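Novice: If you read the sequence shown in our numbering, its first letter stands for residue 16, the second for the next number, and so on. Cβ atoms here follow ideal geometry from the backbone N, Cα and C, with glycine treated the same way. For clarity, every value in this text was computed on a predicted model and none was experimentally measured.
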Amino acid sequence: MSASESTEPDVAIATPIRIFDTTLRDGEQSPGCSMNAAQKLVMARALDTLGVDVIETGFPASSEADREATRLMARELRRPTLAVLSRCLPGDIETSLRALDGIARPRLHVFVSTSPLHREHKLRMSKQQVLDLAVTSVEHARKYVDDIEFSTEDGTRTEHDFLAEVVGATIAAGATTINVPDTLGYATPDEIRSLFRFLIETVPGARDVVFSAHCHDDLGLAVANSLAAIEGGARQVECTINGIGERAGNCAMEELVMALKVRGAWYGADTAIDTRRLVATSQLLTRLTGMQVQRNKAVVGANAFAHESGIHQHGMLRHRGTYEIMRPEDVGWSDSRMVLGRHSGRAAVSHRLRALGYTLEDADLDRVFAAFKDLCERQRVIEDGDLEALMHGDVAGDGYRLAAMTVSDRGGRASAQVELSDPDGRKVTESALGDGPVDALFGALSAATGLDFALESYQVHSVGLGADARGEANLSVRDGETALQGSGTSRDVIEASALAWLDVANRVRRAQTQAPARALRATS
Ligand code: KIV
Ligand code: ZN
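1) Taking the alpha carbon of His155 as the reference point, which residue from Thr129, Thr173, Ala187 and Ser477 has its own alpha carbon closest?
2) With a threshold of 16 other CB atoms inside 10 Å of the CB of Ser423, please say whether the residue is buried or exposed.
3) Can you check DSSP and say which residues form a bridge with Gly449?
4) Check each candidate in Asp518, Asp68 and Val57 and name the one with the smallest Cα separation from Val272.
5) Taking the runs of the alpha helix (DSSP H) that are 4 residues or longer, which of them lie wholly in the stretch 102-178?
6) Tell me which residue opens and which closes the beta strand (DSSP E) that Gln251 is part of.
7) Got a sec, what are the start and stop residues for the alpha helix (DSSP H) Gln500 sits in?
8) Could you tell me the distance, in whole angstroms, from the CA atom of Gly117 to the CA atom of Val224?
9) Go to His231, then tell me how far its alpha helix (DSSP H) extends in each direction, as first and last residue.
10) Compare the Cα-Cα distances from Ile340 to each of Val150, Lys276, Leu146 and Ala284 and report the closest residue.
11) Please tell me whether, using a cut-off of 8 Å, the distance from the CB of Asn194 to the nearest non-hydrogen atom of the ligand KIV is below it.
12) In or out: His551 buried (at least 16 other Cβ within 10 Å) or exposed?
13) Could you have a look at Lys442 and say whether DSSP puts it in helix, strand or coil?
14) Flag Thr64 as yes if its beta-carbon sits less than 9 Å from any beta-carbon of chain D, otherwise no.
15) Can you round the beta-carbon distance between Ile215 and Thr191 to whole angstroms, since I take them to be within the 8 Å contact cut?
16) Based on the DSSP output, what are the partners of Gln298 in its beta bridges?
17) Return the CA-CA distance between Asp439 and Leu293, expressed in angstroms with no decimal places.
18) Rounded C-beta distance between Asn194 and Glu261? I'm assuming under 8 Å.
19) For Arg533, which residues from the same chain have a beta carbon less than 6 Å from its beta carbon, with the 5 sequence-adjacent residues on both sides left out?
20) State the Cα-Cα distance for the pair Val40 and Leu499, rounded to the nearest angstrom.
21) Candidates Ile245, Phe165 and Asp437: which alpha carbon is nearest Phe126's?
22) When DSSP labels each residue in this structure, what does Asn194 get in the three-state scheme?
23) Near Phe213, which residues of its chain fall below 7 Å by C-beta distance, leaving aside the five closest residues on each side in sequence?
24) Between the Cα of Leu87 and the Cα atoms of Pro105, Ala114 and Gln474, which residue gives the shortest distance?
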């Protein structure tokens, strides 16, 4: 059923749903997604521009990097609420309270597990001990901050009567938002809808606070469950860009937001997100973490609006509503096939920025254009996510750059020579032999950088068609405990592979020079 033929009731006033973004906390703590404080700041600026209501900056007790990131955001971001996560432990709460210093709209987010499995095996606590801990923590925190979110970790697997008791007691203790996480992604939409209804209808004081859903995607139900929670009365949803997060990830913001927009009449609810920025924000996160989104991913995947079959193309040519329920430009896909690169001028960059929703004064455009030109020295094709990164101050280009390369493969033994400029701008030339061109190339890059890592996967595919076609290479590697990804794009797949290898190498370098790895992780 196309939107125009919908039989949905017309709802004049949409209920506002708060978007609580946890890309920088629950998302960032998952393998392959770690960011340093400067990268988190760049992402936070983009989330602010996107219109996110609450940004969870991190888990201050876990690392100096999270404390530093929170400090950087506190200095700059005045509109969104900035939340920090804390376990119900006096030391954690003190650290988090200090981290909230200077934040314009501070929120303390405290959590404790409530389910029988977690009580018995993780906390080794009785129901009464969990209840007391939750209440004393909220009461203590409320002395210093007005905006307190309390989360019942593994809430959906908790006995309903006990869950209601904890929720009621923490509301009485001063919590202003109650989050009921589906920590293991175990619930079904019907269960979640009824659970939220039950809590909101029966717990004393429930109507004076905001209920929040936090769904994980272990069964691929995170978005459906979050939507069901809204039907059950939740007014805040916790989600991440691209759905990144522990294991199978969290509720994907772009999917949730577009479901509410496209099916607004059904849900009678909407968010304040500027949907035209979804694709660029998704690409920015990919650029910062190296973590690619699958091509058929809803809304932001490369194929989300591609029509390949003849029947679909024919239908689309007659009426785009035949096979499209939303317009690509409404989520930020460019309808132009113009590729930005070193030959693009100021006007082309300004045109693309306007399509992304940025109208810049001359001086600002000069600054972004200069950064764009600089980036073109290192990268042949500039994507929307790269522009988004430049807009938010990520001009980080330190590291190894490819200056030249030659690869030859004669009679089964391949050889490669690379010339790089190293992080200090010096030229390094190295060569290597290998079992094939890629093997030789990676050997030469390893010799030139002095870096070596175990490749976990290497994929090459083509992006675009005809004259615009480019090769994209994606690499996953393991550097000790850390999983890292990198990608590269070029008209030549071997060069794309070299760029992907260097992307990983630069991430390994940054990870090595970054603050020590976090000592503890929040839960999923
Ligand atoms: O998944 C979860 O339960 C969490 C809480 C800490 C909110 O991430
Ligand atoms: Zn979580």
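Specialist: Walking through what the data contain:
1) Residue 155 sits at position 140 when you count from the first residue of the sequence shown. It is Ala187.
2) Sequence index remark: in the sequence shown, residue 423 carries index 408 (1-based). Exposed.
3) Working through the sequence shown from its first residue, we reach residue 449 at position 434. According to DSSP, which records beta bridges pairwise, Gly449 is partnered with Ala429.
4) For the purposes of this step, residue 272 is identified with residue 257 of the sequence shown, where counting begins at 1. When only C-alpha atoms are compared, the closest one is Asp68.
5) Listed in chain order, the alpha helix (DSSP H) runs fully inside the stretch 102-178 are 105-114 and 142-157, counting runs of at least 4 residues.
6) As a working mapping, residue 251 is identified with position 236 in the sequence shown. Element bounds for Gln251: Gln251 to Cys254.
7) Reading the sequence shown from its first residue, position 485 is the one you call residue 500. Per DSSP, Gln500 belongs to no alpha helix (DSSP H); it is in the beta strand (DSSP E), Thr497 to Ser505.
8) Here residue 117 refers to the residue found at position 102 when the sequence shown is read from its first residue. Here residue 224 refers to the residue found at position 209 when the sequence shown is read from its first residue. Those two C-alpha atoms are separated by around 25 Å.
9) The residue given as residue 231 occupies position 216 in the sequence shown. Careful: His231 lies outside any alpha helix (DSSP H) and carries neither H nor E.
10) Within the sequence shown, the letter at position 325 stands for residue 340. That would be Lys276, whose Cα lies nearest to the Cα of Ile340.
11) Translated into positions along the sequence shown, residue 194 becomes position 179. Result yes, Cβ under 8 Å from the ligand KIV.
12) The structure shown does not extend to residue 551, since the chain is modelled only from 16 through 539, so no value can be given for it.
13) What you label residue 442 is simply residue 427 of the sequence shown in a count that begins at 1. Correct three-state label for Lys442: strand.
14) In the displayed structure, chain D is absent; only one protein chain is listed.
15) Along the sequence shown, read from residue 1 onward, the residue named residue 215 stands at position 200. Along the sequence shown, read from residue 1 onward, the residue named residue 191 stands at position 176. The Cβ separation is near 15 Å, so there is no contact.
16) Along the sequence shown, one-based indexing puts residue 298 at 283. Gln298 is not bridged to any residue.
17) In the sequence shown, residue 439 corresponds to position 424, counting from 1. In the sequence shown, residue 293 corresponds to position 278, counting from 1. The alpha-carbon atoms of Asp439 and Leu293 are separated by roughly 36 Å.
18) The residue you call residue 194 lines up with position 179 of the sequence shown. The residue you call residue 261 lines up with position 246 of the sequence shown. Actually they do not touch by this definition, with Cβ atoms about 16 Å apart.
19) Position 518 of the sequence shown, counted from the start, is the residue given in the question as residue 533. With a pLDDT of 46 at Arg533, under the threshold of 50, the predicted position of this residue should be treated as unreliable, though the coordinate-derived value follows. Around Arg533: Ser77 and Ser78.
20) For the purposes of this step, residue 40 is taken as the residue at position 25 of the sequence shown. For the purposes of this step, residue 499 is taken as the residue at position 484 of the sequence shown. According to the sequence displayed, residue 40 carries Arg and not Val. Between the alpha carbons of Arg40 and Leu499 lies a gap of roughly 18 Å.
21) One-based indexing of the sequence shown puts residue 126 at position 111. Among Ile245, Phe165 and Asp437, the Cα nearest to that of Phe126 belongs to Phe165.
22) If you number the sequence shown from 1, residue 194 lands on position 179. Look at Asn194 here: in three-state DSSP terms it is strand.
23) The count along the sequence shown starts at 1 and reaches residue 213 at position 198. If we look at Phe213 and ignore the five residues flanking it on each side, its Cβ neighbours are His175.
24) Reading the sequence shown from its first residue, position 72 is the one you call residue 87. Considering only alpha carbons, the answer is Ala114.
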